[in-house]
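Student:
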Amino acid sequence: MLHSIVLVAHVGVALMIIGLVLLQRGKGAEAGTGFGAGASGTVFGARGSANFLSRATRVLTTLFFLTSLTLAYLSTQRTAPASLLETPATEQGAAPQAVPPPAPASELPPLPNPAGAAGENPDAAGKKPE
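Here is the structure:
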């Protein structure tokens with residue numbers, strides 16, 4: 000259960016890191032502001048967004064490494080049985096039933112006649128020969 004929770008958190012942190020990296024500007028984008036590119040001021044201010052996004056990326060990266068180490072630790076703590084004899088019966092499932100070999104023809108009981116009398120035709124759909 001804990002393994003699943005950490006795995007979901009790990010994937011969520013990875014997706015948030017991807018989103019934050021895509022939101023950040025590259026270093027080449029700052030060169031355009033010197034030549035009059037208009038959108039340099041944002042909600043966070045000229046440098047505020049870069050500081051916020053880079054700090055958030057650092058925090059998420061730290062969480063990503065922590066969840067990676069936790070998943071590595073949890074996966075090594077799962078003990079696998081050394082042999083099939085040590086596994087509980089619930090994990091193995093039901094054992095297949097052995098099928099007995101067929102009996103020789105001399106030991107088989109005689110089959111009943113489905114038509115009733117020996118002279119009737121079973122394909123006649125209930126009609127008796129005249």
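Sequential numbering of the sequence shown, starting at 0, is according to numbering that gives the first Met the number 0.
Yeah, the Cβ is synthetic: ideal placement off N, Cα and C, and Gly gets one too.
#1: Following the continuous alpha helix (DSSP H) through Val10, name the residue where it begins and the one where it ends.
#2: Use the C-beta contact count for Leu59: other C-beta atoms within 10 angstroms, 16 or more gives buried, fewer gives exposed.
#3: Give the secondary structure of Ser39 by DSSP, where H, G and I count as helix, E and B as strand, and everything else as coil.
#4: To the nearest angstrom, report how far apart Pro100 and Glu106 are at their CA atoms.
#5: Mind checking whether Ala8 and Thr66 have CB atoms under 7 angstroms apart?
#6: Does the distance from the CB of Leu19 to the CB of Leu52 come in under 7 angstroms?
#7: Compute the distance between the beta-carbons of Leu70 and Val5, then report whether it is under 7 angstroms.
#8: Is it buried or exposed for Val98, if we count other Cβ within 10 angstroms and need 16 for buried?
Tutor: According to the structure data:
#1: Leu1 to Leu22
#2: buried
#3: Here Ser39 scores only 49 on pLDDT, less than 50, and its place in the model is too uncertain to base an answer on.
#4: 13 angstroms
#5: yes
#6: yes
#7: yes
#8: exposed
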